[in-house]
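So for the sequence shown, my numbering puts the first residue at 1450; every next one is plus one. Scroll down for the structure; my scribbles are underneath it.
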Amino acid sequence: MFITPGVWLRHTPGLFFMADRAVLFIDGNNWYHELKEHGVYRDQRQFLAGLERTDPRITTHLGRLEERPEDNPAARELLHYLANLPQRIDSDVYRHLMQIGKTHRRQTVTVEKAVDVMLAVDLVVMAERDEFDAAYVLSRDGDFTPAVAAVREHKK
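Structure, rendered in structure tokens:
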């Protein structure tokens, strides 16, 4: 007997059916930190590309990241400290340290932009549209518990 690819689901004892439409939601930032913490982290893009190669029905949608300028507290502290010590250290060293502080005063950080909210909305909307039979959420935290509860109400 040939079984088509899919995910086995168990709804009642002894009764199984095949889910051909499965979707995987990954809370990427939390997933990354969890895997890294356990020493099993690999390149996420490489993992996702490999996953997409296994089946043409698999696509990847990534959340939006934003770069934001932010004050560097260490540089601010260095500049404040140096402002009170100009006579105690060599002038070349002082100039060099001041240059480091000024260069690194502002830093650019990358932050997620409402990715958790978008993931939860997609999960619920796709369930309401009956776009999948089974959904899996990989996350380190419980942010998606209300969305998962709403999806379960749709018998997903």
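Every residue gets a Cβ at the ideal spot worked out from N, C-alpha and C, and that includes glycine.
Ranked by Cα distance from V1566, the options H1545, Y1543, D1592, G1499 are led by D1592. Q1556 and N1521 do touch by the CB rule: their CB atoms are close to 5 Å apart, below 8 Å.
Apart from sequence neighbours up to five positions away, no residue of its chain approaches T1552 with a beta-carbon distance below 7 Å. The segment 1541-1550 and the segment 1567-1581 do not touch, with fewer than three beta-carbon pairs separated by less than 8 Å. Taken through DSSP and simplified to helix, strand or coil, L1473 comes out as strand.
If you draw a straight line from the Cα of L1572 to the Cα of A1523, it comes to about 40 Å. Judged by DSSP secondary structure, A1563 falls outside any beta strand (DSSP E); it is assigned neither H nor E.
In terms of Cα proximity to P1518, the closest of R1554, A1584, H1487 is R1554. Between F1581 and A1498, the beta carbon gap of about 22 Å keeps them out of contact (Cβ cut-off 8 Å). The Cβ atoms of T1508 and E1501 sit closer than 8 Å to each other. Using a Cβ distance threshold of 8 Å, Y1585 and F1496 do not count as a contacting pair.
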